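Novice: Shown below is the structure under consideration.
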Amino acid sequence: MPIVKPSPETISAAAEALRRGELVAFPTETVYGLGADATNARAVARVFEAKGRPRFNPLIAHVADLEAAERIAYFPAHARRLAEAFWPGPLTLVLRRRPAGKICDFVTVGLETIAVRVPGHPVALALLAAAGVPIAAPSANKSGHVSPTLAQHVLDDLGDVPAFILDGGPTTLGLESTILDAGEQEIVQLRAGALPAEEVERVLGVRILRASEAVDPSTGERPAAPGQLASHYAPRAPLRLGAASAMPDEALLAFGPGVADHDGPTFNLSPSGDLVEAAANLFAALRLLDAARPGAIAVMPIPDTGMGEAINDRLRRGAAPR
Ligand code: AMP
Ligand code: MG
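Under the numbering used here, the first residue of the sequence shown is numbered 5, with each subsequent residue one higher.
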């Protein structure tokens, strides 16, 4: 049973395991990550294998602080400003990679850019400090499935693949990091996430482009966010979005006050209509409703502002044809 309570002893044992090339699942403030030593190609390859993750989908390199990040990537002034404002925290920056860095090519799937983040969780930071290497970590779930917000979710998806699952309890934010392409003049949000775009815009004083709006002038193409697959975050049951109420054979994923009674399995993401609470509950709610094996999960509409942008992104991908 790989689940352990984090303590100085278990964290140091987990860091040892990482340095030996084993995998370690750990809590962050967003979701649980499946970590490998980012400088060890064999270890990183095992992450792809364990998740069944497509080989073209790059990983995020987690580091202890901005200084460690600057050893692996170039920071334009605006990127440094974002890092100073939001790290440690749920913001991933895609930047030009330093050629001399020790990160193996598997992490970036050979791209000239790299995604980096300093996670805002004491256990993740303690593990990074003890390991002394950047940790490449995607979410600790099977590829395409709902992300894990509890140690038990990691165990359900990956069994004893990780040498350790450090149990930090439920993750506080519950949605993946916001990913910004910040390597060039124009900043593009590649993935909506737990840091609302509005907060980024407040720090920068300009509006940032969403991936759907940005076009590369040299090629006329949308920016590459490899691995942002249409179908992702999917429970077993199909999702029916924008539902006013649920049919008898459906489960109901509700939001807000005054929800009509439903006889089947029901989960209200936030009875008071709080989007931060809804985000924290989303993935666990999908797993719970799915476990009841409903014909479908009816999902009530959720406002598209603040954290709602990321919630709706995950729901749309969860509902996409598989
Ligand atoms: P995950 O680890 O599942 O949260 O996914 C990380 C995501 O970050 C990937 O699916 C990519 O969309 C994005 N990403 C990572 N590295 C890069 C990169 N070098 N360029 C663009 N996007 C990236
Ligand atoms: Mg993931």
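The beta carbon of each residue, even a glycine, is placed where N, CA and C say it ideally should be. Remember, it's a predicted structure, so these values are computed and weren't measured experimentally.
1. Within the present structure, is the beta-carbon of Val-98 separated from the nearest heavy atom of ligand 1 by less than 7 Å?
2. With respect to the alpha helix (DSSP H) encompassing Ala-81, which residues constitute its N-terminal and C-terminal limits?
3. Any heavy atom of ligand 1 within a distance shorter than 7 Å of the CB on Ala-119?
4. Any residue with its Cβ nearer than 7 Å to a heavy atom of ligand 2 should be included. What is that list in chain order?
5. Using C-beta distances below 6 Å, list every residue in its chain close to Pro-325, excluding the 5 sequence neighbours before and after it, in chain order.
6. Contact check, Ala-196 vs Leu-177 under 8 Å by CB: the rounded distance?
7. Out of curiosity, what's the CA-to-CA distance linking Leu-243 and Ser-249?
8. Tell me where the beta strand (DSSP E) around Leu-184 begins and ends.
9. Is the beta carbon of Pro-166 within less than 7 Å of some heavy atom of ligand 1?
10. Taking buried to mean at least 16 other C-beta atoms within 10 Å of its own C-beta, is Phe-259 buried or exposed?
11. What's the gap between the Cα of Thr-112 and the Cα of Met-251?
12. Nearest to Gly-124 by alpha carbon, out of Glu-88, Phe-110, Gly-148 and Ala-45?
13. Taking its Cβ as the centre, do 16 or more other Cβ atoms sit within 10 Å of Leu-90, making it buried, or is it exposed?
14. Is Ala-42 closer than 8 Å to Val-48 when the C-beta atoms are compared?
15. Could you compute how far the alpha carbon of Ala-72 sits from the alpha carbon of Leu-131?
Specialist: Looking at the atomic coordinates:
1. Proximity of the beta carbon of Val-98 to ligand 1 is indicated: a heavy atom of the ligand is located closer than 7 Å.
2. 81-90 is the span of the alpha helix (DSSP H), which, as asked, contains Ala-81.
3. Flag set: Cβ of Ala-119 near ligand 1.
4. After applying the 7 Å Cβ criterion, the set is Pro-142, Ser-143, Asn-145, Ser-151 and Glu-180.
5. Once the five neighbours on either side are set aside, Pro-325 has no close Cβ partner at all.
6. Not really, about 13 Å apart at Cβ, beyond 8 Å.
7. Roughly 13 Å separates the two Cα atoms.
8. For Leu-184, the enclosing beta strand (DSSP E) starts and ends at 182-185.
9. Incorrect: Pro-166 has no Cβ contact closer than 7 Å to ligand 1.
10. Its Cβ being crowded by 16 or more others within 10 Å, Phe-259 is buried.
11. Taking the CA atoms as reference points, Thr-112 sits about 44 Å from Met-251.
12. Taking only the C-alpha atoms, the option nearest Gly-124 is Glu-88.
13. It is worth fixing the name first, because residue 90 is Phe in this sequence and not Leu. Looking at its Cβ environment, which holds 16 or more other Cβ atoms inside 10 Å, Phe-90 is buried.
14. Cβ atoms of Val-48 and Ala-42: closer than 8 Å.
15. Cα to Cα, Ala-72 sits roughly 14 Å from Leu-131.
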